[in-house]
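2 protein chains.
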Amino acid sequence: MVKTDIEIAQEARLKPIKEIAEGLNLAEADWEPYGHTKAKLSDKLLEKLADNPNGKVILVTAISPTPAGEGKSTVTVGLGQALNKIGKKAVIALREPSLGPVMGIKGGAAGGGYSQVLPMEDINLHFTGDLHAITSANNALAAMIDNHIHQGNELGIDPRRIEFKRVMDMNDRALRQIVIGLGGPLRGVPREDGFNITVASEIMAILCLATDLQDLKKRISNIMIGYTYQEEPVYVRDLKVEGALTLLLKDAIKPNLVQTIENTPAIIHGGPFANIAHGCNSIIATKTAVKLGEYVVTEAGFGADLGAEKFLDIKTRAGNIDTDAVVIVATVRALKMHGGVPKNNLTEENLEALRAGMENLQKHIETIQYFGLPFVVAINKFPTDTVNEVNAIEAWCEQRGYTVAMTDVWAKGGEGGIELAQKVVQTIEKGEKSFKRVYELEDSLEIKMTKIARTVYGADGVEFSSKAKKQLAFFEKQGWGELPVCMAKTQYSLSDNPALLGRPKGFTITIRELRPSIGAGFIVALTGDIMTMPGLPKSPAALKMDVTEDGKIVGLF
Amino acid sequence: MVKTDIEIAQEARLKPIKEIAEGLNLAEADWEPYGHTKAKLSDKLLEKLADNPNGKVILVTAISPTPAGEGKSTVTVGLGQALNKIGKKAVIALREPSLGPVMGIKGGAAGGGYSQVLPMEDINLHFTGDLHAITSANNALAAMIDNHIHQGNELGIDPRRIEFKRVMDMNDRALRQIVIGLGGPLRGVPREDGFNITVASEIMAILCLATDLQDLKKRISNIMIGYTYQEEPVYVRDLKVEGALTLLLKDAIKPNLVQTIENTPAIIHGGPFANIAHGCNSIIATKTAVKLGEYVVTEAGFGADLGAEKFLDIKTRAGNIDTDAVVIVATVRALKMHGGVPKNNLTEENLEALRAGMENLQKHIETIQYFGLPFVVAINKFPTDTVNEVNAIEAWCEQRGYTVAMTDVWAKGGEGGIELAQKVVQTIEKGEKSFKRVYELEDSLEIKMTKIARTVYGADGVEFSSKAKKQLAFFEKQGWGELPVCMAKTQYSLSDNPALLGRPKGFTITIRELRPSIGAGFIVALTGDIMTMPGLPKSPAALKMDVTEDGKIVGLF
Chain A
63 MVKTDIEIAQ
73 EARLKPIKEI
83 AEGLNLAEAD
93 WEPYGHTKAK
103 LSDKLLEKLA
113 DNPNGKVILV
123 TAISPTPAGE
133 GKSTVTVGLG
143 QALNKIGKKA
153 VIALREPSLG
163 PVMGIKGGAA
173 GGGYSQVLPM
183 EDINLHFTGD
193 LHAITSANNA
203 LAAMIDNHIH
213 QGNELGIDPR
223 RIEFKRVMDM
233 NDRALRQIVI
243 GLGGPLRGVP
253 REDGFNITVA
263 SEIMAILCLA
273 TDLQDLKKRI
283 SNIMIGYTYQ
293 EEPVYVRDLK
303 VEGALTLLLK
313 DAIKPNLVQT
323 IENTPAIIHG
333 GPFANIAHGC
343 NSIIATKTAV
353 KLGEYVVTEA
363 GFGADLGAEK
373 FLDIKTRAGN
383 IDTDAVVIVA
393 TVRALKMHGG
403 VPKNNLTEEN
413 LEALRAGMEN
423 LQKHIETIQY
433 FGLPFVVAIN
443 KFPTDTVNEV
453 NAIEAWCEQR
463 GYTVAMTDVW
473 AKGGEGGIEL
483 AQKVVQTIEK
493 GEKSFKRVYE
503 LEDSLEIKMT
513 KIARTVYGAD
523 GVEFSSKAKK
533 QLAFFEKQGW
543 GELPVCMAKT
553 QYSLSDNPAL
563 LGRPKGFTIT
573 IRELRPSIGA
583 GFIVALTGDI
593 MTMPGLPKSP
603 AALKMDVTED
613 GKIVGLF
Chain B
63 MVKTDIEIAQ
73 EARLKPIKEI
83 AEGLNLAEAD
93 WEPYGHTKAK
103 LSDKLLEKLA
113 DNPNGKVILV
123 TAISPTPAGE
133 GKSTVTVGLG
143 QALNKIGKKA
153 VIALREPSLG
163 PVMGIKGGAA
173 GGGYSQVLPM
183 EDINLHFTGD
193 LHAITSANNA
203 LAAMIDNHIH
213 QGNELGIDPR
223 RIEFKRVMDM
233 NDRALRQIVI
243 GLGGPLRGVP
253 REDGFNITVA
263 SEIMAILCLA
273 TDLQDLKKRI
283 SNIMIGYTYQ
293 EEPVYVRDLK
303 VEGALTLLLK
313 DAIKPNLVQT
323 IENTPAIIHG
333 GPFANIAHGC
343 NSIIATKTAV
353 KLGEYVVTEA
363 GFGADLGAEK
373 FLDIKTRAGN
383 IDTDAVVIVA
393 TVRALKMHGG
403 VPKNNLTEEN
413 LEALRAGMEN
423 LQKHIETIQY
433 FGLPFVVAIN
443 KFPTDTVNEV
453 NAIEAWCEQR
463 GYTVAMTDVW
473 AKGGEGGIEL
483 AQKVVQTIEK
493 GEKSFKRVYE
503 LEDSLEIKMT
513 KIARTVYGAD
523 GVEFSSKAKK
533 QLAFFEKQGW
543 GELPVCMAKT
553 QYSLSDNPAL
563 LGRPKGFTIT
573 IRELRPSIGA
583 GFIVALTGDI
593 MTMPGLPKSP
603 AALKMDVTED
613 GKIVGLF
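Residue numbers (the working numbering), protein chains in the order written: chain A, 63 to 619; chain B, 63 to 619.
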């Protein structure tokens, strides 16, 4: 019988976090313990390490994902472990899981099998409290906004035009659209509102883009919370609460150090949505990893069209981070799905569908080539893959001169990623990179979106709704035009229509609406409906979770 | 210039928590570090210490409080420090502060001056995450309830009769009364709802009354969340989520170890409301302190009519805890207010009002005498107290044979509580106690409430609204009649009318409504409006909070 992730995790031998820290040459003052196997790194550490040489940054991205997931986090962890196995000093930099999906569908999100970060039962639940601190800061701000209106509304905030929402780290569809402040003058001012999931909070994006605590405070002070009756933007700095919100985040800004199942150090910190935000772990975490490891393996959300584009156009620009190589993860199952096979037939061999599905991979490769970065294709093995299918992918890559590696890191840990690790190291050592970004900050918002749509999605162009057109003009007038653009698009298709799998052509991207994330420092472009508060399924993962009488945890996977 | 609490705290020399733990003879496996000055005690510790002798338990309670507060937590901390100074091994057991009031009015709630628990900036903010874990468990349950209804409502839960509310650890009046589930079928089933503050969650009360993790799970499974269309109660066990909720609380159930400004060990754990819940720190924390110290100093919320009554009738009954002495805290200012002086004249000497106000103290003393416990009156000094006033109190106590001690622990730390410590130790050593409770579990709910109202409040009797009468019959039929009663009454008066200060007479208590807290294991009796979600003042304390450029925290006090 195949073991579950939590069973594998419970059999692992964790080293005391002190040993992991010492292995990174950290002094006692550089970190604080949170239990015996978790630590927070000092917020002074990055400054202290400034003169260390920079490690090589490997970004793990993927083809357009399917609902089943391609195992990108698992490959990220496995690759880090494999690099250690071939004698390289690797540090993994990952996002923190959100409790909502853990209780809902996922059951856990810390890699899988023999490529997990541990202690998975803590990382998947409250971990070191970062998401809770973000929830608190977000909701403190929301309470201050409604209190300001209730107490006389000196700033003249229009309750119909408040953009800033409350959050909860939970999948709770009933909170998507609500009316608050009911019940008379003792209960505030009635208005429409709604909750997002915490990872969709602008404060999460800010935490991940801030370079230090003072930069965090500055970004928080720039959050645009809504408009006055005169339709002028109102910022957090107008409410004068940026100090309190920063105080609430004083520990959350410190990156968390843990280890993988093979004791490879992993820094896990932050985890914004990859649609209405940029979908990467924090700049502070990645930069710390760069100073501590020879190789840093990090990931970005969804496929290369969303996560990698934002990693390269938003995160590495804000953080001044160099990228040295990209790993593009694909699975035989997902490629067949992109080739037209329905979800319930994916275990049958189908070479024709597989070859058709390679078109999706091809487009993501072209995107990485546009960025001028060397890459390796990683095929994440599943037990149902056939030899013919694997051979077909290898042949396809060889014909085109692409480096490809099979990985089996779920079942074999680092051992299953050695081929990938060797090929990534060779690729980096060749040093063939000529990095450029898709757009410049000086481009207008319209041009930025058009460049992303054409270059990254393969669209013919961009259409703007009449609302978006009005917003474009207003935003440029506000001086927000020089911010990067964060595209909120479905992850399932290169287009804005989730049903168009493979490599769609001859389509345009429709920008329905823009949202100013001025604190985070980007303009969100919404294409279609983007859900910022998930719901629970009929049988939530939570129903299987338990702590048995002898204290054993079950049901996390 | 008088220093603020945070300034005093920042000058303190904290010992590493390892030293505090070692001072309590704890082994490495008995605790986990959370940073260098906080720890969580193992959930196996209490079992391991079973054969240790029991320390003496000192309950700190107070007269009916005024809005300014009487400094009960400060006296609790100061007394613990003073006991150490006179050579006794003391452990303090306190409640955890709630973030909402910290951001709102209080600015901090970890004692004050030279009688604080530290690190106050952590304890006042996220601490070790217990309140966040409770918020998560509470809101996971709420999401499961609405999801159950949305997904077909197999149990037939009536959306109009859901009693279980969402919570947030924030003062947010706009969430008191809301409508959720708006916006069509994708957004759940519309219904009325509201948020309580986290400390008002039944799960907080459960955490504080549970004797171990399995007892916690059992109590959670017994939470009554609402009624079916047939008006039958629905429990958490019917939804089968008690395992997941317990898992979310696996660390929160472990008590937190910190130290005072004078390095006296303090266990801080749990903090339920003292009106709709029982207002004491956790049973696990208090029992652990009893096994670790010769003397345990602990407190209960509000005045003796609320906190002490519930400590003695609910907490010590559920936890099988002996109480050895009671300290009743009063201040000259508050006594004058009970004697009729308006709030803005309290700094003027007024012996007549002082003597009139002693009637309030007298009633609380009689209550403690009814319980058969020895007591000491502690007068918590303020700079504005006059010698005449202090002499008048001492004379009043001497005439009646009451032991009284002046304390000056805010300004002088343990040194300022030595007289109190000596008198408490003498009182305990005399051993004159004949403990009895106000009611027996076999009494009907009606008799329990009547006994509390007559014996503890000095009321003529109890009146029940027609709703409460119907509920009484229904509750007894459900088999809930043998639970203790938790009175939700204003803290400002012995009566249910907050305007009646001093020692009101000739009044009756009106029970407006009952609320079943079946998981916690008590029936709440509501007298008048009890606010379970506070609001923010016009100028919230948060406006003064900040982290300066050199990383210094300001604005917590």
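C-beta atoms are modelled at their ideal positions from N, C-alpha and C, and glycine is treated no differently.
Bear in mind that the values here come from a model prediction, so they are computed numbers and not experimental data.
For a contact defined as C-beta to C-beta under 9 Å, what are the partners of residue i on chain A?
i	result
residue 553 of chain B	Near residue 553 of chain B there are no residues of chain A at all, since even the closest Cβ is about 19 Å away, more than 9 Å.
residue 340 of chain B	By Cβ distance, chain A contributes nothing, its closest Cβ being about 25 Å from residue 340 of chain B, past 9 Å.
So which of the options has the shortest CA-CA distance to residue i?
i	options	result
residue 463 of chain A	A:476, A:479, A:72, A:489	A:489
residue 79 of chain A	A:328, A:615, A:348	A:328
residue 330 of chain B	B:541, B:154, B:594, B:538	B:154
residue 467 of chain B	B:222, B:480, B:189	B:480
residue 165 of chain A	B:185, B:148, B:142, B:206	B:206
residue 258 of chain B	B:596, B:491, B:605	B:596
residue 174 of chain A	A:289, A:474, A:498	A:474
residue 308 of chain A	B:299, B:607, B:284, B:406	B:607
residue 512 of chain B	B:322, B:528, B:572, B:193	B:572
residue 478 of chain A	A:127, A:119, A:582, A:142	A:142
residue 313 of chain A	B:397, B:585, B:189	B:189
residue 85 of chain A	A:605, A:325, A:485, A:456	A:325
Determine the chain A residues that contact residue i at a beta-carbon separation under 8 Å, and present them in chain order.
i	result
residue 611 of chain B	276
residue 212 of chain B	235, 236, 597
Is any heavy atom in the ligand MG found nearer than 7 Å to the beta carbon of residue i?
i	result
residue 543 of chain A	As presented, the structure is devoid of all ligands, the ligand MG included, so that no description of it is given.
Give the C-beta separation of residue i and residue j to the nearest angstrom, bearing in mind that I take them to be a contact with Cβ-Cβ under 8 Å.
i	j	result
residue 395 of chain A	residue 364 of chain A	The Cβ separation is near 17 Å, so there is no contact.
residue 271 of chain A	residue 345 of chain A	6 Å
residue 565 of chain A	residue 590 of chain A	The pair is not a contact, with the Cβ atoms about 19 Å apart (cut-off 8 Å).
residue 68 of chain A	residue 524 of chain A	Not quite, the Cβ-Cβ distance comes to about 45 Å (not below 8 Å), so this is no contact.
residue 238 of chain B	residue 256 of chain B	5 Å
residue 203 of chain A	residue 298 of chain A	7 Å
residue 374 of chain A	residue 385 of chain A	6 Å
What are the partner residues of residue i, as DSSP defines its beta bridges?
i	result
residue 240 of chain A	A:255
residue 572 of chain A	A:525
residue 283 of chain B	Paired residues: none, contrary to the question.
residue 446 of chain A	According to DSSP, which records beta bridges pairwise, residue 446 of chain A is partnered with nothing at all.
residue 390 of chain A	A:123, A:439
residue 180 of chain A	A:321
residue 327 of chain B	B:321
Does DSSP classify residue i as helix, strand or coil?
i	result
residue 317 of chain B	coil
residue 471 of chain B	helix
residue 512 of chain A	helix
residue 266 of chain A	helix
residue 357 of chain A	strand
residue 292 of chain A	coil
residue 528 of chain A	helix
residue 322 of chain B	strand
residue 93 of chain A	strand
residue 297 of chain A	strand
residue 381 of chain A	helix
residue 229 of chain B	strand
residue 609 of chain A	strand
residue 615 of chain B	strand
Can you pull the chain B neighbours of residue i, defined as C-beta to C-beta under 7 Å?
i	result
residue 137 of chain A	Chain B residues near residue 137 of chain A: none, gap ~28 Å exceeds 7 Å.
residue 239 of chain A	244, 245, 249
residue 303 of chain A	604, 605
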